[in-house]
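For reference, the structure discussed in these notes is given below.
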Ligand SMILES: Nc1nc2c(ncn2[C@@H]2O[C@H](COP(=O)(O)OP(=O)(O)OP(=O)(O)O)[C@@H](O)[C@H]2O)c(=O)[nH]1
Ligand SMILES: [Mg+2]
């Protein structure tokens with residue numbers, strides 16, 4: 290792996306655009322200290338830019354001495370920095386115009402504007418973090434639930450790397466054994482014991498790979514989340530349910546059917562899963578023009594949703610309309626929710642008309658009854674397809690999953706070859722394949738294309 294092209298010093302505004310208490314400009318590279326010394330006038334005459342110390346002062350235009358901002362500046366000497374290069378941060382007031390002015394001055398003094406993710410890319414290329422840790426940085430920035438942040442922090446601390454690395458080492462060891470057997474065919478029988486190789490491969494490679502693959506679907510869930518449409522006839526309490534889940538009066542609720550026209554969506558955290566929850570127009574025939582548009586939209590959203598929460602009014606009997614709507618949505622994964630149990634009390638309607646329906650969650654959106662149970666049921670429904678989740682484990686992303694699947698395939702080929710007594714050459718090729726996929730996963734070997742794709746997802750200044 291090449292080291293980064295560290296002749297260039299990069300700079301960017303690292304805090305989000307807009308007004309804030311402070312805004313930070315970051316530089317990384319050999320010229321960083323030289324540039325800050327040119328532009329920063331410390332209050333302390335004896336300021337020597339000791340590493341990792343904050344200095345108070347002003348950024349002044351070198352020509353004319355105009356003050357651009359009152360700042361704190363810190364120099365961090367390589368290699369104990371984010372990028373392992375010299376890093377300088379200037380903490381300005383959080384005005385985009387001020388930050389822009391200071392950044393322009395820095396660029397005029399020989400730094401170049403950093404590409405998105407370039408600081409983290411340098412951290413990776415300079416060997417401070419592996420590729421899974423670099424990806425964890427994106428996950429931390431984009432996580433939408435606390436669970437998502439926790440998982441990303443684990444990965445940033447190297448959890449995934451620590452799982453993969455022993456598997457890689459084990460493969461390297463086995464490949465060496467097989468290669469010796471290839472090079473010295475006569476002694477091969479003594480050197481290579483297929484039985485023990487099978488055992489080692491099963492225990493040290495196949496099992497950990499399967500565990501990680503088992504966690505991959507759940508990882509996707511925590512990262513990307515799911516979408517749930519609340520569907521139902523008019524007036525069954527869909528908007529009331531949205532409000533109950535959000536714990537705020539987000540959607541209009543009235544006693545008149547046909548209140549909601551346009552759909553309303555919000556993201557909520559259900560046991561760590563970011564859930565996009567969408568309230569839709571009640572579905573009925575003979576609606577007016579505007580309501581009809583809302584109903585069409587509702588049908589589209591139902592078709593795209595991961596899960597449909599079909600809401601039924603529990604205060605009245607199941608009607609033909611309920612049955613018809615159920616028939617229309619049952620091709621999807623449906624969670625049946627009976628609302629208004631505060632009115633129906635101990636006499637809920639007979640649901641047997643809804644053929645094939647399994648479990649039904651009983652709630653009162655208005656009186657906030659059964660909402661926790663509903664969240665549990667939603668969680669159970671969206672995780673039902675995923676394999677066993679190892680708590681405290683890591684959550685591979687889509688790229689990791691592809692590499693793990695490919696490695697797993699190669700591993701299975703090696704096992705089959707060993708079982709069937711195939712040639713060592715063949716075994717060596719598949720062992721190498723397996724190793725290659727894992728090396729690519731952690732970034733031990735990675736093409737420029739893959740890096741471009743990964744780091745393009747970053748925001749500027751990270
Ligand atoms: N008693 C009782 N009334 C409820 C409950 N949930 C909703 N309601 C009432 O039912 C009526 C309709 O509620 P909404 O939430 O607007 O129903 P909706 O399904 O969004 O209706 P549309 O948008 O018109 O399709 C309102 O008067 C609510 O107060 C409940 O759990 N118990
Ligand atoms: Mg509504």
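Numbering (our numbering), first residue to last: 290 to 751.
Glycine included, C-beta positions come from ideal geometry on N, C-alpha and C.
First through last residue of the alpha helix (DSSP H) which encompasses residue i
i	result
residue 408	407–414
residue 690	687–708
residue 360	Premise fails: residue 360 lies in the beta strand (DSSP E), 356–365, not in any alpha helix (DSSP H).
residue 602	Not the alpha helix (DSSP H): residue 602 falls in the beta strand (DSSP E), residues 596–602.
residue 542	From DSSP, residue 542 is part of no alpha helix (DSSP H); its letter is neither H nor E.
residue 255	Since the displayed the chain opens at 290 and closes at 751, residue 255 lies outside it and no answer follows.
residue 437	435–445
residue 492	It is not in any alpha helix (DSSP H) - residue 492 carries neither H nor E in the DSSP assignment.
residue 566	Per DSSP, residue 566 belongs to no alpha helix (DSSP H); it is in the beta strand (DSSP E), 562–568.
residue 613	609–618
residue 625	Premise fails: residue 625 lies in the beta strand (DSSP E), 623–628, not in any alpha helix (DSSP H).
Residue i, DSSP secondary structure in three states
i	result
residue 384	coil
residue 660	helix
residue 633	helix
residue 453	helix
residue 557	strand
residue 474	helix
residue 679	coil
residue 583	helix
residue 525	coil
residue 337	coil
residue 427	helix
residue 352	coil
Burial state of residue i (16 or more Cβ within 10 Å)
i	result
residue 726	buried
residue 536	exposed
residue 428	buried
residue 296	exposed
residue 545	exposed
residue 315	buried
residue 460	buried
residue 491	exposed
residue 531	buried
residue 643	buried
Residue i and residue j closer than 7 angstroms at C-beta
i	j	result
residue 580	residue 526	no
residue 374	residue 367	yes
residue 463	residue 715	no
residue 329	residue 362	yes
residue 371	residue 408	yes
residue 587	residue 624	no
residue 608	residue 630	no
residue 713	residue 470	yes
residue 467	residue 494	no
residue 419	residue 659	no
residue 684	residue 504	yes
residue 533	residue 568	no
residue 562	residue 510	yes
residue 442	residue 421	no
Nearest neighbour of residue i, chosen from the options [CA to CA]
i	options	result
residue 671	560, 356, 364	560
residue 426	485, 589, 737, 686	686
residue 347	564, 391, 298, 675	391
residue 423	402, 401, 448, 399	448
residue 636	575, 626, 604, 652	604
residue 600	555, 584, 651	651
residue 306	385, 315, 324	385
residue 382	358, 495, 589	358
residue 416	380, 573, 369	369
residue 542	533, 465, 529	529
residue 303	404, 508, 345	404
residue 591	658, 520, 577, 549	520
residue 518	440, 570, 402	570
residue 465	738, 717, 596	717
residue 397	327, 515, 438	327
residue 376	619, 649, 339	339
residue 668	723, 566, 692, 589	566
Delimiting residues of the beta strand (DSSP E) encompassing residue i
i	result
residue 649	649–651
residue 638	Neither: residue 638 is in no beta strand (DSSP E) and is coded neither H nor E.
residue 347	342–349
residue 331	329–331
residue 718	Not the beta strand (DSSP E): residue 718 falls in the alpha helix (DSSP H), residues 713–731.
residue 418	Careful: residue 418 lies outside any beta strand (DSSP E) and carries neither H nor E.
residue 302	299–302
7 angstroms Cβ cutoff, residue i in contact with chain B
i	result
residue 437	The structure shown contains no chain B; it holds only a single protein chain.
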